[in-house]
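Here is the structure we will look at.
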Amino acid sequence: MAAKRKRSDAQSAALRKTPKPAAGTDASTATNNNASTSTSADPASIAVQIVVGSYDHTLHGVIASISPKRAAKDESRTRFTDTFLYQAHTSAIRCLALSPLPSLDKSSATPQSDPKKQVYLASGGTDERINLYSLSACPPPETSSANLPATLPSLSGNRVVEDPANRELGSLLHHYSTINALCFPNRSKLLAAADDNTISVTRTKDWNVVATIKAPRPRVQGRPTGDTAPLGGTPMGVNSFAVHPSMKLMLSVGKGEKAMRLWNLVTGKKAGILNFNRSTLEKIKESKYTTGEGRVIVWNTTGEEFAVAFERGVVVFGIDSEPKCFALPQPLTKVHMIKYLSLDQSTSGEESSSDVLVISTEDGRVLFYSTATGDNAQTDDDTPSAQLLAYAAGKEAGQTTRVKAFEILKPSAWKDQYLMITCGSDGAIRLWELDVARLTNFLKSDNKKSETVPSISTLIGAYETRSRLTCLAAFVMLPAEERDEDAEDDLDSESESSEVSDDSSDDSESE
0 MAAKRKRSDA
10 QSAALRKTPK
20 PAAGTDASTA
30 TNNNASTSTS
40 ADPASIAVQI
50 VVGSYDHTLH
60 GVIASISPKR
70 AAKDESRTRF
80 TDTFLYQAHT
90 SAIRCLALSP
100 LPSLDKSSAT
110 PQSDPKKQVY
120 LASGGTDERI
130 NLYSLSACPP
140 PETSSANLPA
150 TLPSLSGNRV
160 VEDPANRELG
170 SLLHHYSTIN
180 ALCFPNRSKL
190 LAAADDNTIS
200 VTRTKDWNVV
210 ATIKAPRPRV
220 QGRPTGDTAP
230 LGGTPMGVNS
240 FAVHPSMKLM
250 LSVGKGEKAM
260 RLWNLVTGKK
270 AGILNFNRST
280 LEKIKESKYT
290 TGEGRVIVWN
300 TTGEEFAVAF
310 ERGVVVFGID
320 SEPKCFALPQ
330 PLTKVHMIKY
340 LSLDQSTSGE
350 ESSSDVLVIS
360 TEDGRVLFYS
370 TATGDNAQTD
380 DDTPSAQLLA
390 YAAGKEAGQT
400 TRVKAFEILK
410 PSAWKDQYLM
420 ITCGSDGAIR
430 LWELDVARLT
440 NFLKSDNKKS
450 ETVPSISTLI
460 GAYETRSRLT
470 CLAAFVMLPA
480 EERDEDAEDD
490 LDSESESSEV
500 SDDSSDDSES
510 E
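With numbering that gives the first Met the number 0, the residue at position 225 of the sequence shown is 224, and numbering never jumps.
Laid out in structure tokens, this is it:
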């Protein structure tokens, strides 16, 4: 029996120590016929890591491999691969946040200081918990190995590849209410806002809370008839916050108050408060029967203006906290998410028109607005409306339900196109190619009055998750050749330790 076990150990060791192909050889000749070809061979093809959360408590990770052109008429440019899917929370997931890539973290003095090429992922839900993960910044290997096959079996028919570099780090339990917003301003800090009226600052080095900013409780302004809330159960909590690009200031909007607050991140104390006046709220259809509270707040890339999203409209403020313009989608619909899209300076030509406000709506559209007032301002007392430049998605393109969340990425391999990823309650993840050149040409043209609003999106892929999606986060992955092999070495060591334990148990049984 001992000789037989030694022979089996020698065979398994030979399988684990299979030599890798040389640097100059073709990878396809070193793998078997069942292994799939890698999409990273084409320099123009990209891989995008997409993470979505849902009402069903599940966290779903998908890698979308996008090729530059179709190989055939009936073949799609996008291939989806499941990397992880499990129940991460005990209730609905509300928000997600991704840390900057190691090579793109400009705030660090040594941007290449992370040799493992990992990206932090944080998820928050209504269960008062913040879960932390570490994701690989490079796509998983496309070829099979002795420990991990290239494609795992699946009953749903979807392509499944497990990445051993993805890890679960733990959970943070310092909040005692629903987590509403998460943000990584850099790779060293994580900010979280919750319904307990606090904004916490966590250090990613050891995941300890280094500061807690407490917002005051809103005043009770009357409750509707038949309200069943308990005594003292008035609406409270921080809906959203936005960190200034200088990392020294922060704006926040909360429930139950028609105002936004300015915080000094250097001292951690309140720096001011700005109340929304009645005339500003009336322009975006906020009346006495609505809450009048800000839902989402964002800074632009230069830090010279910020936008506050309400239930049906958006107000843009200048650096002096005065209303600059407002955006009201037509036909009137609900606003879900807002972001600033930074256009290339060399393409747009004008520095003032480099940022475009992007709004996702209830009717399935993603609208692009120009916040540069220019000649649109009529009088000093009248706040002008932002000009609608273009739109994406919509019912004509197959997006019939609301766009709950979206992400716009600029792959370095693409010249004039941007990649937009959307998700909604219908459970579909859709990938759109944006023709941003039409936006920049419109901004540079003298005649900016157009009767028709063009569509700049082209659907290049869709993936059905069969879940009601609530939030989304995505990033363009680094090339596969920069992948670190420490995770596979750890997996080999774990397998070897398990074999040693099995051998010891067999020896004890034989004795």
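Yeah, the Cβ is synthetic: ideal placement off N, Cα and C, and Gly gets one too.
Taking only the alpha-carbon atoms, compute the straight-line gap between D195 and T290 and give it to the nearest angstrom.
Roughly 19 Å between the two C-alpha positions.
Would you check if the region 382-390 and the region 467-479 touch, i.e. whether three or more CB-CB distances between them fall below 8 Å?
With the cut-off at 8 Å, the region 467-479 and the region 382-390 do not touch.
Rounded to the nearest angstrom, what separates T77 and I49 at their Cα positions?
Distance between the alpha carbons of T77 and I49: 13 Å.
Run the CB neighbour count on Y138, radius 10 Å, all protein chains shown included, and call it buried at 16 or more, exposed below.
Strictly speaking, residue 138 in this sequence is Pro, with Tyr absent from that position. Per the 10 Å Cβ criterion, buried.
Contact defined as beta carbons within less than 8 Å: I believe D362 pairs with N299. What is the distance between those atoms, to the nearest angstrom?
The pair is not a contact, with the Cβ atoms about 25 Å apart (cut-off 8 Å).
Taking only runs that begin and end inside the region 206-275, name each unbroken beta strand (DSSP E) of 3 or more residues, in chain order.
Counting whole runs of 3 or more residues, the region 206-275 contains the beta strand (DSSP E) stretches 207-213, 237-242, 248-253, 258-263, 268-274.
Considering K282, what are the terminal residues of the alpha helix (DSSP H) in which it resides?
Run containing K282: 277-282, per the alpha helix (DSSP H) assignment.
Report buried or exposed for Q329, applying the criterion of at least 16 other Cβ atoms within 10 angstroms of its Cβ.
Looking at its Cβ environment, which holds fewer than 16 other Cβ atoms inside 10 Å, Q329 is exposed.
Taking L190 as the reference, which of V209, S456, S176 has the closest Cα?
For the residues V209, S456, S176, the minimum Cα distance to L190 belongs to V209.
Please return the same chain residues whose Cβ sits closer than 7 Å to the Cβ of D126, not counting the five positions on each side in sequence.
Correct list, in chain order: H88, T89, S90.
Are the Cβ atoms of N157 and D81 separated by less than 7 Å?
Their beta carbons are under 7 Å apart, which means N157 touches D81 by this criterion.
Below 7 Å between beta carbons: does that hold for C592 and T370?
Here the chain covers residues 0 to 510 and nothing more, so residue 592 does not appear.
In angstroms with no decimal places, state the Cα-to-Cα distance between E303 and I212.
Between E303 and I212, the C-alpha separation is close to 24 Å.
Compare the C-alpha of S199 against each of G271, L172, R186, R216 and name the closest.
The option with the nearest alpha carbon to S199 is L172.
Report the partner residues of Y119 according to the DSSP bridge assignment.
Beta-bridge pairing links Y119 to S133.
At which residues does the beta strand (DSSP E) containing T82 begin and terminate?
Run containing T82: 77-86, per the beta strand (DSSP E) assignment.
Could you tell me which residues DSSP pairs with D354 in its beta bridges?
Partner(s): S341.
Put K188 into one of helix, strand or coil per three-state DSSP.
DSSP places K188 in strand when its eight states are reduced to three.
Identify, in the order they occur along the chain, each residue of the same chain with its Cβ nearer than 6 Å to the Cβ of E432, setting aside the five sequence neighbours on each side.
These residues qualify, in order along the chain: Q416, T457, I459.
With A306 and R294 assumed to form a contact (beta carbons below 8 Å), what rounded beta-carbon distance in angstroms separates them?
About 11 Å; that fails the 8 Å criterion.
For R465, count neighbouring C-beta atoms within 10 Å of its own C-beta (all shown protein chains included) and say buried if the count is 16 or more, exposed if not.
Flag for R465 reads exposed.
Once the 5 residues before and after P217 are set aside, which same chain residues still bring their CB inside 8 Å of it?
Same-chain partners within the cutoff: T233, P234, M235, G253, K254, G255, E256.
How long is the line joining the alpha carbons of K116 and I178, rounded to whole angstroms?
Whole-angstrom Cα-Cα distance: 28 Å.
Specify the secondary structure class of K394 as computed by DSSP and reduced to three states.
Three-state DSSP puts K394 in a helix.
Pick from M336, Y368, I420, R364: whose alpha carbon is nearest that of P383?
Considering only alpha carbons, the answer is Y368.
In the DSSP output, what is E310 paired with across the bridge?
Answer is none; E310 lacks a bridge partner.
Which residues bound the alpha helix (DSSP H) around R294?
Per DSSP, R294 belongs to no alpha helix (DSSP H) and is neither H nor E.
Report the three-state DSSP secondary structure of P101 (helix, strand or coil).
Residue state, collapsed to three classes: helix.
Once the 5 residues before and after N274 are set aside, which same chain residues still bring their CB inside 7 Å of it?
Answer for N274: K257, A258, listed in chain order.
Using the rule of at least 16 other Cβ atoms within 10 Å of the residue's Cβ for burial, across every protein chain shown, is Q86 buried or exposed?
Exposed, by the Cβ-count rule.
Under the three-state reduction of DSSP, which class applies to N157: helix, strand or coil?
Residue state, collapsed to three classes: coil.
Determine the DSSP secondary structure at T332, reduced to helix, strand or coil.
Coil, per DSSP.
Helix, strand or coil: which one does DSSP assign to R437?
Three-state DSSP puts R437 in a helix.
Go ahead and pull the three-state DSSP assignment for A389.
The answer is strand: DSSP assigns A389 an E or B state.
For N263 and N440, I'd like the C-alpha separation in whole angstroms.
In a straight line, the C-alpha of N263 is about 39 Å away from that of N440.
Please state the DSSP three-state secondary structure of K323.
Correct three-state label for K323: strand.
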